[in-house]
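A.B. asks: Sharing a structure below in structure tokens format, with a few things to ask.
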């Protein structure tokens, strides 16, 4: 009877060892760009340029050597300033929302089609239209609602604002603290929206070919989802199985203890 008690005592240890052996991730599961060589030069032919989409929030500021001349072409609104030196009404730049027709309503010019244009293309378009009213206008354009959402097996999932005009998937994952050890690196999903149509793309970050992917550079409001790798799936399944097994073992041990006690 003593040997049987020892056996039952070591059952959980045996099960945990089994789970550990069959749930470990290999090097191929976690290393980025495994096919690159030392001092290898990679020339990317990815010519991605972000384009404006419906529901984008755009800041457009027009300036010239004559400040008074450019005033009618800048949307400003008066807001209350702080106390002290800034007390009173302060002029604040108003942004433009790209409507469902892909247009913005620009002062004096009226409706301007911006959907599908890059920032430089819109800058050239506005400069041409404004040349009738202004001499050598300087036009600054920014997307104000450029965000990316990162979900799944990363250290800090969430929605992150993008300050510049471009961001790569590597930079975005860096904002989220990188993938954790359970993240599947060779099949990352990027969900992209084009006027209400969802486009699903996958990218393999274990290969240098990832830099040629159409989703290596992200666009505004992209969603990145990192799946759990097989080791994480195995661990989850094994943990569930272990819970059931330990429950059964616990019941059996209780029954065995009761039987031994009653036969003494």
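Residue numbers (my numbering): 1385 to 1648. The C-beta atom is built at its ideal place from N, Cα and C for all residues, glycine as well.
Out of 1612, 1434, 1443, which has the shortest C-alpha to C-alpha gap to residue 1525?
C.D. replies: Position 141 of the chain shown, counting from 1, holds the residue named residue 1525. Ranking the options by Cα distance to residue 1525, first place goes to 1443.
A.B. asks: Give the range of the beta strand (DSSP E) segment to which residue 1569 is assigned.
C.D. replies: In the chain shown, counting from the first residue as 1, residue 1569 sits at position 185. Unbroken run through residue 1569: none, as it is neither H nor E.
A.B. asks: Measuring CB atoms only, is the stretch 1478 to 1487 touching the stretch 1535 to 1545, in the sense that at least three cross pairs come out at less than 8 angstroms?
C.D. replies: Counting Cβ pairs under 8 angstroms, fewer than three are found: no touch.
A.B. asks: What are the residues that DSSP puts in a beta bridge with residue 1525?
C.D. replies: Here residue 1525 is taken as the residue at index 141 of the chain shown, counted from 1. In the DSSP output, where bridge partners are listed per residue, residue 1525 has 1444.
A.B. asks: Can you tell me whether residue 1604 is buried or exposed, with buried defined as 16 or more other CB within 10 angstroms of its CB?
C.D. replies: For the purposes of this step, residue 1604 is identified with residue 220 of the chain shown, where counting begins at 1. So residue 1604 counts as buried.
A.B. asks: CB-CB under 6 angstroms to residue 1587, same chain, minus the five flanking residues each way: which ones, in chain order?
C.D. replies: Taking the chain shown and counting its residues from 1, one reaches residue 1587 at position 203. These residues qualify, in order along the chain: 1572, 1594, 1597, 1599.
A.B. asks: Out of 1590, 1546, 1577, 1578, point me to the one whose CA is closest to residue 1563's CA.
C.D. replies: Counting from 1 along the chain shown, the entry for residue 1563 is found at position 179. That would be 1590, whose Cα lies nearest to the Cα of residue 1563.
A.B. asks: Based on DSSP bridge pairs, tell me the residues matched to residue 1536.
C.D. replies: Taking the chain shown and counting its residues from 1, the one referred to as residue 1536 is at position 152. Paired residue(s): 1610.
A.B. asks: Among 1424, 1453, 1509, 1504, whose alpha-carbon lies nearest the alpha-carbon of residue 1495?
C.D. replies: Taking the chain shown and counting its residues from 1, the one referred to as residue 1495 is at position 111. With distances taken between Cα atoms, residue 1495 lies closest to 1509.
A.B. asks: Per DSSP, what kind of secondary structure is residue 1484 in: helix, strand or coil?
C.D. replies: The residue labelled residue 1484 in the question sits at position 100 within the chain shown. Three-state result, residue 1484: coil.
A.B. asks: Just to confirm, is the Cβ distance from residue 1492 to residue 1517 under 8 angstroms?
C.D. replies: Residue 1492 sits at position 108 when you count from the first residue of the chain shown. Residue 1517 sits at position 133 when you count from the first residue of the chain shown. Cβ distance < 8 angstroms, so residue 1492 and residue 1517 count as in contact.
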